[in-house]
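Chemist: Under this note's numbering, residues 75 to 486 are what the sequence shown spells out, in order. Virtual Cβ for every residue (Gly too), placed ideally from N, Cα, C.
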Amino acid sequence: MSLQKSRKAWGARRGMAVVVLVAAIGLVGKMTLAASTGGPADVRFFRGFAQNIAAVGPVRIYDHPMPHLPVYNHPPLAGWMLLVLDELAGRVADFSTLIRLPACLADFVCSILVFEIVRRRSSVRTAVACAIGVTLSPVLIPTSGFHGNTDSVAVMFALAAAHLLADRKSPLAAGVCAALSISVKFVPVVALPALVIAAFRGGRPVFVRFCAGFGALFLLVWGPVLVTVPLALKEKVLEYEGGPYRLWGLVKFADWLGAPEPVIGFMRGDGHFLVVLACVAAGAWLAWRRPSELPGVVGVTMGLLLLLSTASGVQYLAWPVAGLFVIGLWEGLSYSLVVGALASWVYWVHRAVKWNSVELAVGAVGWLILALGVASAIRKVLNTPPPSADSSRFPLQAIAPEHPLQTAETRT
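1. Measuring only the C-alpha atoms, how far is residue 390 from residue 421?
2. Apart from the five residues on each side of it in sequence, which residues of its chain come closer than 8 Å, Cβ to Cβ, to residue 465?
3. Can you find at least 3 beta carbon pairs, one from the region 245-253 and one from the region 275-290, that sit closer than 8 Å?
4. How many Å lie between residue 351 and residue 441 at the Cα?
5. What are the start and end residues of the alpha helix (DSSP H) that includes residue 376?
6. Extract the residue ranges of the alpha helix (DSSP H) inside the region 134-188, only unbroken runs of 4 or more that lie entirely within it.
7. Spatial neighbours of residue 444 within its chain, please: C-beta separation below 7 Å, excluding the five flanking residues on both sides.
8. With C-beta atoms as the reference, is residue 110 less than 8 Å away from residue 177?
9. From residue 170 to residue 432, what does the alpha carbon distance come to, in whole angstroms?
10. Say yes only if the C-beta of residue 414 is nearer than 7 Å to one or more non-hydrogen atoms of the ligand PLP, and no if none qualify.
11. Say whether the region 301-320 touches the region 134-145, bearing in mind that this needs 3 or more beta-carbon pairs closer than 8 Å, one atom from each stretch.
12. Which whole-angstrom value describes the C-beta separation of residue 201 and residue 372, a residue pair presumed to lie in contact below a C-beta threshold of 8 Å?
13. Relative to the alpha-carbon of residue 98, which residue among 293, 162, 142 and 180 has its alpha-carbon at the smallest distance?
14. Just reading off the alpha helix (DSSP H) that residue 457 is part of, what are its end residues?
15. Can you give, in chain order, each stretch of the alpha helix (DSSP H) that sits fully within the region 237-320 and has at least 4 residues?
16. Taking the CB atoms as reference points, tell me whether residue 412 and residue 436 lie closer together than 8 Å.
17. Mark residue 121 as exposed unless 16 or more other C-beta atoms lie within 10 angstroms of its C-beta, in which case mark it buried.
18. Measuring CA to CA, which of 415, 301 and 115 is closest to residue 174?
19. Suppose contacts are defined by Cβ-Cβ distances below 8 Å. Is residue 321 in contact with residue 429 by that definition?
20. So, helix, strand or coil for residue 121, using DSSP?
21. Could you tell me the boundaries of the alpha helix (DSSP H) in which residue 342 lies?
22. Excluding sequence positions up to five away, which residues of its chain have a Cβ less than 8 Å from the Cβ of residue 337?
23. Short of 7 Å in beta carbon distance, which residues of its chain neighbour residue 369, apart from the five on each side in sequence? Order them along the chain.
24. The alpha helix (DSSP H) with residue 208 in it runs from where to where?
25. Is the region 199-215 touching the region 158-166 in the sense that three or more CB pairs, one from each, lie closer than 8 Å?
26. Hey, residue 253 and residue 291: beta-carbon distance below 8 Å or not?
27. Could you give the DSSP three-state label for residue 414: helix, strand or coil?
28. Suppose contacts are defined by Cβ-Cβ distances below 8 Å. Is residue 360 in contact with residue 349 by that definition?
29. Assign residue 363 to one of three DSSP states: helix, strand, or coil.
30. Could you give the residue range of the alpha helix (DSSP H) that holds residue 330?
31. Look up residue 393 in the DSSP assignment and say whether it is helix, strand or coil.
32. Have a look at 185, 166 and 455 and flag the residue whose alpha-carbon is nearest the alpha-carbon of residue 358.
33. In its own chain, which residues sit with a C-beta less than 7 Å from the C-beta of residue 228, not counting the 5 before and 5 after it?
34. Beta-carbon separation of residue 323 and residue 383 under 8 Å?
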């Protein structure tokens, strides 16, 4: 038995070494792309935001007029990040390169997280393949190395929170990561109820520590803004509806079907709160049923959010990548290959917000693949045996060589 454990540990260490090496090569490649390209318009917008933050601070930026820039819709931690990058610009590298560093680093960390999550639920070989899939995903290469928004950073913190809570038995650190995820981009708020419910299922000590970590970080980052400019924060961050583009998903399908403008307006306005509620409800239900599968549940909520989202943006396509690879190799690969081809192409031809008919058709196929991936994820999470009444309290560590989330890949 000890020999078998020793072999597993040695295999895990070798697998981790391979993952770190490939992820490091991927990081260098993405940063080379960042340093050699100017990036999309968002890079210039972030530069403008950073200059204004340097002038008025990351708190007052929410009620500071910026007539030549888009709405500043980023949570408070993003402002502090931009302030630091503005200080480093010119000393370490150009701002256009630095602004893409956080997303590239997040992809590096996500690859390691996916390996750690999957190896507990499948074979080391499958875990290595899924982790490398994250590194080499043709969705993440252009969205992080070329676009460089904060989406990948938010996903990284959300996935880290789930891993720390479900697999590492570290609820305090999980709470901190959960707060960080919604402080850099508000999107992972749909996964927050699932994290809270999973912590509650762990018992009072786990729940209290998770809430303490979350509350302390949340008050530190959000407190000054909530006290100083609460209305501006609510209008620009909490009620942000996304850009006006109709490129993806339900809004595009409604447009194709000739839906009246008031209907589309409702979908993009008050209707998007129904989308958020649906994602929250799905994640909360799955977390209650299978708290030990919290990383997969977070993957479901992020994938479901993009699936039902009424906002369009190429960078949003990064939301479900890591979570789909947590669910399974084929779910992650199929989405990455189809949607990654689309993302890479529209960035290459500098047409990220104006897709032609072929690109829209590929986007529709990608949406259907995502729908199948989310459905597969829900099925695999629910197929996991629930914690028995006489088992130890959650968090539970799944170390069996075969697991419903990864069985097909393991057998392959």
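Modeler: Straight from the coordinates:
1. Here the question's residue 390 lines up with position 316 in the sequence shown. Here the question's residue 421 lines up with position 347 in the sequence shown. Using only the alpha carbons, I get a separation of about 13 Å.
2. Here residue 465 is taken as the residue at index 391 of the sequence shown, counted from 1. Note that residue 465 scores a pLDDT of 46, beneath 50, so its modelled location is shaky; the value from the coordinates is reported in the next line. Nothing meets the Cβ criterion.
3. At 8 Å Cβ cutoff, the stretches touch.
4. Here residue 351 is taken as the residue at index 277 of the sequence shown, counted from 1. Here residue 441 is taken as the residue at index 367 of the sequence shown, counted from 1. One C-alpha to the other measures close to 20 Å.
5. Taking the first residue of the sequence shown as position 1, residue 376 is located at position 302. Taken as a continuous stretch (DSSP letters only), the alpha helix (DSSP H) holding residue 376 covers 368-382.
6. Those alpha helix (DSSP H) runs which fall completely within the region 134-188 and span 4+ residues are 150-162 and 169-172.
7. As a first step, residue 444 is located in the sequence shown; it is residue number 370 there, counting from the start. In chain order, 377, 380, 381, 394 and 409 place their CB closer than 7 Å to the CB of residue 444, counting only its own chain and leaving out the 5 sequence neighbours on each side.
8. If you number the sequence shown from 1, residue 110 lands on position 36. If you number the sequence shown from 1, residue 177 lands on position 103. No; because the gap between Cβ atoms is not below 8 Å, this pair is not in contact.
9. Within the sequence shown, residue 170 is the residue found at index 96, counting from 1. Within the sequence shown, residue 432 is the residue found at index 358, counting from 1. Cα to Cα, residue 170 sits roughly 31 Å from residue 432.
10. Here there are no bound small molecules, and the ligand PLP is not part of this structure.
11. Yes, since at least three Cβ pairs between the region 301-320 and the region 134-145 fall closer than 8 Å, the two stretches touch.
12. On the sequence shown, residue 201 is found 127 positions in, with the first residue counted as 1. On the sequence shown, residue 372 is found 298 positions in, with the first residue counted as 1. No, residue 201 and residue 372 are not in contact; Cβ-Cβ is about 17 Å, not under 8 Å.
13. Along the sequence shown, read from residue 1 onward, the residue named residue 98 stands at position 24. Taking residue 98 as reference, the option from 293, 162, 142 and 180 with the minimal CA-CA separation is 180.
14. Counted from its first residue, the sequence shown places residue 457 at position 383. Its alpha helix (DSSP H) spans residues 431-457.
15. If we require 4 residues or more, the alpha helix (DSSP H) runs fully inside the region 237-320 come out as 245-258, 266-275, 278-302 and 304-307.
16. Your numbering for residue 412 matches position 338 in the sequence shown. Your numbering for residue 436 matches position 362 in the sequence shown. Their beta carbons are under 8 Å apart, which means residue 412 touches residue 436 by this criterion.
17. Numbered from its first residue, the sequence shown carries residue 121 at position 47. Counting Cβ neighbours within 10 Å, residue 121 comes out buried, since at least 16 surround it.
18. Position 100 of the sequence shown, counting from 1, holds the residue named residue 174. Nearest of 415, 301 and 115 to residue 174, Cα basis: 115.
19. Along the sequence shown, one-based indexing puts residue 321 at 247. Along the sequence shown, one-based indexing puts residue 429 at 355. At the C-beta level, residue 321 and residue 429 come within 8 Å of one another.
20. Translated into positions along the sequence shown, residue 121 becomes position 47. It is helical.
21. Translated into the one-based positions of the sequence shown, residue 342 becomes position 268. Looking at the DSSP string, the run of the alpha helix (DSSP H) that includes residue 342 is 335-342.
22. By 1-based counting over the sequence shown, the position of residue 337 is 263. Counting only Cβ-Cβ distances below 8 Å, and skipping sequence neighbours, we find 328.
23. Looking up residue 369 in the sequence shown gives position 295. Contacts found: 191, 233, 236, 237, 240 and 400.
24. Locating residue 208 in the sequence shown gives position 134, where the first residue counts as 1. For residue 208, the enclosing alpha helix (DSSP H) has its first and last residue at 198-210.
25. Judged by pairs of C-beta atoms under 8 Å, the region 158-166 does not touch the region 199-215, as fewer than three such pairs exist.
26. Position 179 of the sequence shown, counting from 1, holds the residue named residue 253. Position 217 of the sequence shown, counting from 1, holds the residue named residue 291. In this structure, residue 253 lies near residue 291, with their beta-carbon atoms less than 8 Å apart.
27. The sequence position of residue 414 within the sequence shown is 340, counting from 1. In this structure, DSSP gives residue 414 a helical state, which the three-state scheme calls helix.
28. By one-based count along the sequence shown, residue 360 stands at place 286. By one-based count along the sequence shown, residue 349 stands at place 275. No, the pair does not count as a contact, with Cβ atoms beyond the cut-off.
29. Taking the sequence shown and counting its residues from 1, one reaches residue 363 at position 289. Secondary structure at residue 363: helix, using DSSP grouped into helix, strand and coil.
30. Mapped onto the sequence shown, residue 330 falls at position 256. Here the alpha helix (DSSP H) through residue 330 covers 323-330.
31. Along the sequence shown, read from residue 1 onward, the residue named residue 393 stands at position 319. Coil, per DSSP.
32. Start at 1 with the first residue of the sequence shown, and residue 358 comes out as number 284. By alpha-carbon distance to residue 358, the top candidate from 185, 166 and 455 is 455.
33. Counting from one through the sequence shown, the residue named residue 228 turns up at place 154. Taken in chain order, the residues that qualify are 255, 258, 259, 261 and 262.
34. Mapped onto the sequence shown, residue 323 falls at position 249. Mapped onto the sequence shown, residue 383 falls at position 309. Yes, these two residues count as a Cβ contact at 8 Å.
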